[in-house]
Every structure is written in C-alpha cells, then in structure tokens.
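All remarks here apply to the structure that follows.
In our numbering, the protein residues as written are 676 to 1409.
This is the structure we're talking about:
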C-alpha cells in the first residue's frame, strides 16, 4: 500500500489492496461499487475459498508444489533462488526465510516498479517482475492449505479472476458489487461467470519434419520456434481483443494452452471471430497441414473451487472441455473454408520440400521453407528477440495472423537493443532472456533452445562411431496427475479428499512443469562443472523433449534430464525415453520417428520410468537398471579391462557378442569360457592379473543369468560403438 502511494495510484486501487480480506472489508464501510469487492471475491476463489489467518510464521518457506502430488506431503520446500536457476526441493527446516531476505525483495521491488513503462504497456513487464521476485515466496504463511502456492501464482490468478468478474458484472449491469459479490457470495458462486478456453494444434509432427536433408537440424529448430511463437502471438491477440492481459493465460506449452475469460457475449463473439480468422489464415498459408482447434465452456466459481467436493466438478470441467475441443476438431471447416482449402492457383509450382503450390525462384521453395533456415542461425544468439510488426521488414521474416482477414503481421529476429530502439513500430516483442530494463510491449517467454551447434556433423565429429543420436522423452502419466494428482484418495470425508484440487494449484503445477522443459533444461544440458552436452534441443515444452546430437552425449543427456526431473518433482512423477542411433546423413525425421517408437516401447514396461535403446523390445530398462547395472556395472568393467589391455582388438567384442547371442546354451558357454581363458594377460603385473580375474569371473557369471546376459549384450553394443571410429580413435565412455 505504501508503495502504491509512492507511485501515485488512484484511491480505488489503494482501497482494493487495503481491504481485500473479509475481516477488514466488513468494517470498512466502502461504497457498493468499490473495486475492493471485486478483488475480495477473486482473492477468495484463488485461495480455494478460504481466508488467511491474521498471524502466520513469517519465516515459513514455500513448499514444493510436488510435495502433495501423488502422495502424502513430506515437508519439502523450495530454496530461495527464483526461477532463473534450477534449484531442487529440500527439507523445509533448511529453507526458512530470514527478515533480510524479505528486505532484499523490497529493495528490488521498489526500483523495479518505478522502471515500469506507463499505462497498459506495463502489464507484461509487471508480471515478469512479479515472477522474478515472488515465485519462491509463499502466498500465505499461516494457512497450511496454501503453503505450496507462491505469491506470484496466487496474485496472477487473483488478477485474472478479478478481470473476469468485472467484465461479467458489467454485462449484467451490476454496479453494487457489495450486494452481488460480498453479501450474495453463495449465489454468485453458482453462476457461470467464467469461460474456460482451450487451444490445441493438430499436425505439429508433420509440420516439423517437412525439412530438406541439407540443414535439417536448423530448419527443425526454426519450425519449432515458429510454432511456439505462433501460439504465444495468437494468445496475445485473443486476449487483447477481449481487453485482458497475460494474467489470463493459465498455461502454454507443447502446442496447447488454457485461458480464463469472462463468460460474456463479447468474449464469446471474439472467440468465435478469432478462431474463424485463424483457421482461414492457416488455410491460406499451410492448407490442411496445420490446424488450431478451439474449445470453450462456461463455468462457475464453485467449479473452479471444486465444490461440492462429493461431485468433483473440477475434473468433470476439464473432461467436458476436452470433449468440446475434440468435437470441434471433427468438424474443422465450414463449406466456405473447404472451398478455400481446395482452391489451387492455376499453374502454380509446388515447393520441393512441403509441396505447397507457392514455390518461386530457382530453388523451388515456398516463402516458408526458404525463410526457416535463414532464421535458424539468429536463434543461437542468447540476446535474440522476436519482433512483431505491422510493416513488412527486410528478409528474412515470417508472416503471422493479423487483426483482420487478409491482414498479415510480420515476425523477424533481432537483438533486444534493436527491438527497444524500434519503439512504437513494434506491435509486440518476445524475449527469450531477461532484460536489463523493461520496455513497452515486451514479453518474456521461456524456450528450451540449448544448442551446442546447429550442424549435426559438428555434434558427431568426435564420436567413436559415426552415428548421431536422437532422444525423445515424455512424462509418464501426466494426464492422470492433472486429473487426480492432488486428490487424497484415502480421505473418508469428500471435502477433505478434494481439499487441494483447485485451479490455482494446478496452474502452479503447470508452470513448474513448463519451467523445467522450457527453461531449466538449458541449464541441465550446459552442465554443472562438466563439459556441455554436444546436443541440440529440437523442441522442449509441455511434457516432452526431442533432442539430437552425438550419440554418447545424447545418452548422457538423457540420464541427466531423468535424474534432474526426479529430484525436481520429488520422484512424484517419472519420465520415459527412447534413444535411436542413426547414420549422420540419415533423414532426421526418420530418426525422430524411430526414437518415438522406442519411447512408446519404454512406456510399455510395467511401471514405466524406463529407457529403450537401438531397437524396440531388445534394450529396454528401467532407468536405475540402465544407469547402475548396464552402464555403471557392466559397461564400466568392459571399459576398465579394455583400457588396461590396449592391444585387444575390436574383433574380441564381436566374438563376445556372438557367444552371448547364441541360442545353444551349452556350446555357447563352453566357447565363451574358452575365449575368456585366452584373454589372461601374459604379464605378471599383479594389478593386471587381479583385473583379469574380476573380468573373467563377472563375465562368466553374467552369461549364466538371463537378465544379466541381456544387460551385458547392451553394454557390449555400447562398448563397440565407443571403440569404432572412422578415424581410428576411441571415444570416451558414457
């Protein structure tokens, strides 16, 4: 409140901040049209229907949002560190906040607010400032049920709800907020005042992999970046049409987003009009290859609060929204849109990459396929900013849907400094990194875009075998976690069992998942005190990852991502992956398909939390088995022995593999034992003799056990891949 006074906030804003809790609001004697009642109602819904007690523990830390997910809470909290760097949950007693920590936040908040651009342009920078400062600050230090909700998540949800309530009241002609919201709270909560909207891309995989074999990695990254920006742009355009800010964007990632809008005729009209404009824009540029579906449903505050608990309306709301989205996808186009879809330009040349009838120039490329590789190089710049303008810029650029049919906007890349200098010429600027100082219409977005190099050949040149690796990973059972992850199934009282099932908590959960795959994954791949991974992220968002690079670095990166994800989520969620090894010149889209088949193979293992390599069904393990028994035990022993016996050729590994894979057990084991006996070193070196005895004993024991034998075959494959080299060298181990 004191800070608002310093910045010259109007009296209505001061009222809203001072009196947005019930205890103070009842005695305030405010007029019925005070916005304090709007904020009070929104705060109650965002808080799950309860009120904060007057006294709390001022040093209490923010509990991890995963602490209650899929199990009983363990009291694990978030260390102070904000969102910029990756931190892992720790016991709450080790994460308590000191008065000095709060003072530091205050000292950063005051100049941060003072530097905000004036007027409506301040909303996005304000949200960014709040995310930076308040993401690890608990929304309540006295209410146990809100201990895992950050002040940023709570405040953002409160703002979104308050804007929706205000617009809903305006359409109904309600001016006495006290009577309608405060005194009539129970009645208002039953009204469908809100509109929950879902958007989802179809055709992503096909769109991504329409690339030329030359520079495929660059084109894939550029296409992935464009899809991410297209979703962000269309969301901002829709929110602007509805007079709302990005606070109403509940989640965006993986080609999907959720929005909270007011259930008004104007909002529904804007949704219908924008979805129609966007469909026609996509038809003009991509035909039927890319489609963005929309679905929306009216809902009440009780639905968002999951009340009454015995009916569990929250999970039913999202199920019905998914069904609504699916129905829209089944009847995608109107007759006029079908006619537009089938209208082909007479005599038009087809693009040699995507096949669209819009090719021009000597390369026979459409504008899209020509622009993507040119933009890819600029994505490597950490200071990169994507600028949306109404005026057509110099090439290379990409088109974006504009505010009216037939009116395109344009996306180009530059540095943040160049974007700031453009001023009013920018309709919007998307930054993938923090800004030294906020500037108008600037939006911070998180992107999983780590790249050691944009050329696949440079990622594999130091590998033992001339192979590239492709990894696909996906979170196990995420849909079930979103539906019932915070439900306490053992509770006898339905209200107690559904106590933690609230929109704010699921939004906070979604944001943490998005941060891991869109932001922290870059830090994981850069390495902490290790060599950076020789890989490139093709896309990472939502709950899945696709990356490519040197095959051993891909395996190492997969292990690193898995370990970090388990620590990050307190092992309440797991992740499975598939790793394909292919020739360097092998089409990347085929490699990705093979990695996808391996990922599905890993998910078929009971309990999931697995990895599958090389071929489906043959080298599939739970992560801990692969790391500890395949790589940490069997491969490690092979590496030690062959490092000591440097004169042993690669043919020995093939002989071992041949015996391990033979069906006839008696002949195989006899020959295998004879081969091991021949490996005894002639040297009298005690250490060499001891290593040989360990090697021969373990190798013989492993062939007798079917599971050890299978693991040993995988380890021998990995050893062969490490030692094979077109240049005659040997690569380092995994």
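In this text, a Cβ means the ideal position worked out from N, Cα and C, and glycines have one as well. Treat the numbers as computed from the prediction; the structure is a model and nothing was measured.
Cα-Cα, which of the options is closest to residue i?
i            : options                   : result
residue 1233 : 1367, 1219 and 825        : 1219
residue 1127 : 1039, 1223, 1092 and 1075 : 1223
residue 1117 : 842, 1107, 1199 and 993   : 1107
residue 1245 : 1211, 1187, 920 and 706   : 1187
residue 753  : 746, 747 and 771          : 771
residue 863  : 1298, 843, 710 and 989    : 843
residue 1327 : 880, 1180, 1395 and 755   : 1395
residue 1353 : 1009, 1371, 1365 and 940  : 1371
residue 976  : 708, 938 and 953          : 938
residue 1195 : 1215, 1054, 853 and 782   : 1215
residue 1158 : 823, 1296 and 992         : 992
residue 994  : 1013, 882, 974 and 983    : 974
residue 930  : 1104, 906 and 1031        : 906
residue 1154 : 1181, 838, 713 and 1027   : 1181
residue 1000 : 933, 1202 and 989         : 933
residue 1192 : 1265, 982 and 1239        : 1239
residue 830  : 720, 869 and 1100         : 720
residue 723  : 909, 981, 926 and 745     : 981
residue 1362 : 1231, 1315, 1156 and 1350 : 1315
residue 1202 : 912, 1093, 1235 and 978   : 1235
residue 807  : 1241, 1121, 1176 and 1209 : 1121
residue 1237 : 1189, 1351, 1209 and 1299 : 1299
residue 1172 : 703, 708 and 745          : 745
residue 1040 : 1026, 1053 and 1032       : 1026
residue 877  : 1365, 911 and 1003        : 1003
Return the chain-ordered list of same chain residues with a C-beta closer than 7 Å to the C-beta of residue i, the five sequence neighbours on each side being excluded.
i            : result
residue 1138 : Since pLDDT at residue 1138 reaches only 47, below the 50 mark, its modelled position is unreliable, and no value is offered.
residue 1301 : 1286
residue 810  : 757, 758, 825 and 827
residue 917  : 936, 942 and 945
residue 1337 : 1343
residue 790  : 1112 and 1113
residue 1276 : 1253, 1287, 1291, 1292 and 1295
residue 1097 : 1062
residue 1364 : 1356
Kindly give me the distance between the Cβ atoms of residue i and residue j, rounded to whole angstroms, as I take these residues to be in contact under 8 Å.
i            : j            : result
residue 737  : residue 813  : 4 Å
residue 1084 : residue 1095 : In fact, because the Cβ distance is near 19 Å, the residues do not count as touching under 8 Å.
residue 832  : residue 1179 : 5 Å
residue 1046 : residue 1072 : 7 Å
residue 787  : residue 802  : Between residue 802 and residue 787 the Cβ distance is about 12 Å, and since that is not below 8 Å, they are no contact.
residue 1198 : residue 761  : 5 Å
residue 838  : residue 869  : Not a contact, Cβ separation roughly 11 Å.
residue 1161 : residue 1175 : 4 Å
Keeping to the same chain, check which residues put their C-beta closer than 6 Å to that of residue i; ignore five residues upstream and five downstream.
i            : result
residue 835  : 922, 923 and 935
residue 1058 : 1090 and 1091
residue 767  : 736, 750 and 752
residue 1383 : 1377
residue 1393 : 1310
residue 891  : 1263
residue 1087 : 1062, 1068 and 1072
residue 897  : 1047, 1050 and 1051
Less than 8 Å between the CB of residue i and some heavy atom of the ligand GTP, yes or no?
i           : result
residue 855 : Of ligands this structure carries none, so the ligand GTP is not represented either.
If you drop the 5 nearest sequence neighbours on each side, which residues of the same chain put their C-beta closer than 8 Å to that of residue i?
i            : result
residue 1348 : 1375
residue 1016 : 958, 962, 963 and 1008
residue 1332 : 1388, 1391, 1392 and 1395
residue 911  : 921, 1103 and 1118
Using a Cβ-Cβ distance cut-off of 9 Å, determine whether residue i contacts chain D.
i           : result
residue 981 : This model lacks chain D altogether; it includes just one protein chain.
Inside the segment 978 to 1064 only - alpha helix (DSSP H) runs reaching at least 4 residues: 988 to 1005, 1010 to 1017 and 1042 to 1051
What are the start and end residues of each continuous beta strand (DSSP E) run of 3 or more residues lying completely inside the segment 1247 to 1307, in chain order? 1250 to 1258, 1285 to 1288 and 1295 to 1297
Can you find at least 3 beta carbon pairs, one from the segment 845 to 861 and one from the segment 895 to 906, that sit closer than 8 Å? no
For the segment 1218 to 1248, list the beta strand (DSSP E) runs that are entirely contained and at least 3 residues long, ordered along the chain. 1219 to 1225
Runs of 4 residues minimum, wholly inside the segment 757 to 791: which ones carry the alpha helix (DSSP H) assignment? 774 to 789
Should the segment 796 to 807 be called in touch with the segment 773 to 780, which here means at least 3 C-beta pairs below 8 Å? no
Segments assigned alpha helix (DSSP H), at least 4 residues, entirely inside the segment 1320 to 1400: 1325 to 1336, 1340 to 1353, 1361 to 1379 and 1381 to 1398
For the pair the segment 1242 to 1254 and the segment 1267 to 1278, tell me if three or more CB-CB distances fall below 8 Å. yes
Going residue by residue through the segment 869 to 952, where are the continuous alpha helix (DSSP H) segments of at least 4 residues, counting only ones entirely within it? 879 to 883 and 891 to 916
For the pair the segment 963 to 973 and the segment 873 to 887, tell me if three or more CB-CB distances fall below 8 Å. yes
Is the segment 1257 to 1267 close to the segment 1167 to 1177, with three or more CB pairs under 8 Å? no
Could you check whether the segment 1006 to 1013 touches the segment 947 to 967, counting it as contact only if at least three pairs of C-beta atoms, one from each stretch, sit closer than 8 Å? yes
Secondary structure, alpha helix (DSSP H): runs of 4+ residues fully inside the segment 1145 to 1173: 1153 to 1159 and 1169 to 1172
Let me know the beta strand (DSSP E) ranges lying completely inside the segment 1098 to 1133, each 3 residues or longer, listed in chain order. 1101 to 1106 and 1117 to 1119
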